[in-house]
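Shown next, in structure tokens, is the structure this report addresses.
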Amino acid sequence: MEETCHNHPAFRLPDTMPVMVLGDCYLFPGCLLPLFIFEERYRLMLAHALRTDRMFCIGTPERSTDSRGELITVSTAGLIRACKKQEDGTSHVMLQGMRRIQFTGWQQEKPFRLAEIEPLPTVIETEPDYVNDLKQRSLDLLPDAAHCAGEAMKNLRAALIKIECPELVCDILSYHFVRRPAAQRSLLVETVLERRYDILLTELERLQSGECG
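Using the UniProt record's numbering, the first residue of the sequence shown is number 1, and each one after it goes up by one.
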């Protein structure tokens, strides 16, 4: 087995990371998540992040209806790319997913959660040619630009084809095209890239079967 191309980013992960708890919300590496920060605890969390590493992550409850319960242990480290504070103290934030992480403990739980983290590498178990074939099969299942989505889909497909890292392509497709929360969770927590693609292909086939009405 070997680690994939997306596991050696230029930035260094901190040892701890603030956690914003959101039900059925899954941020993937390479993707952007717009957030509106209004709760007092998350205003404090944002202030902490901005004065330290400019990073926080999304914590997803094991049960979507229990925001105070146990969280799944896998998340994505997010880097604050933009933050605009309003006069009323609320903020609009753009969070960019950087890489998968695993919670290993809790340094604090109030006023906001601060997790002890470690990177969660993705591994491939087969040959690169096979993984690239999975990537191409996934791209082939995107909605047909000629019939459905027009120029935007055509441009997205062209951009994804140019990305050499199959892990990044899988994450981008998972974030933008998978709608079922259970599948999103499976895609986020799965560490083996081939298995991740198997889940993605199943979900894209679901999407294709219902496209264009």
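Where is the CB? At the ideal position from N, CA and C, for every residue including glycine. All figures in this text were calculated on a predicted structure; none of them were measured in a lab.
Check	Outcome
Three-way DSSP call (helix, strand, coil) for Lys85 in this model	strand
With 16 other Cβ atoms within 10 Å as the buried cut-off, status of Ser138	buried
Whole-angstrom distance between Glu118 and Pro18, CA atom to CA atom	13 Å
Proximal residues to Ile161 (C-beta, below 8 Å), its chain only, five neighbours per side dropped	Leu139
Close-in-space but distant-in-sequence residues of the same chain around Arg206 (CB under 6 Å, 5 per side omitted)	none
Segments of 3+ residues assigned as beta strand (DSSP E) that fall wholly inside the stretch 67 to 131	74 to 85, 91 to 108 and 113 to 119
Thr52, DSSP secondary structure in three states	coil
Span separating the alpha-carbon of Pro61 from that of Glu70	6 Å
Spatial distance of Leu172 from Leu50 (CA atoms)	This sequence places Ile at residue 172; Leu is not what is there. C-alpha separation (whole angstroms): 26 Å.
Nonlocal neighbours in the same chain, by C-beta distance under 8 Å from Glu190, ignoring five residues either side	Arg196 and Ile199
Rounded C-alpha distance that separates Val131 from Ala82	34 Å
At least three beta-carbon pairs within less than 8 Å, the stretch 173 to 181 to the stretch 34 to 44	no
Per DSSP, cross-strand counterpart(s) of Gly59	Val21
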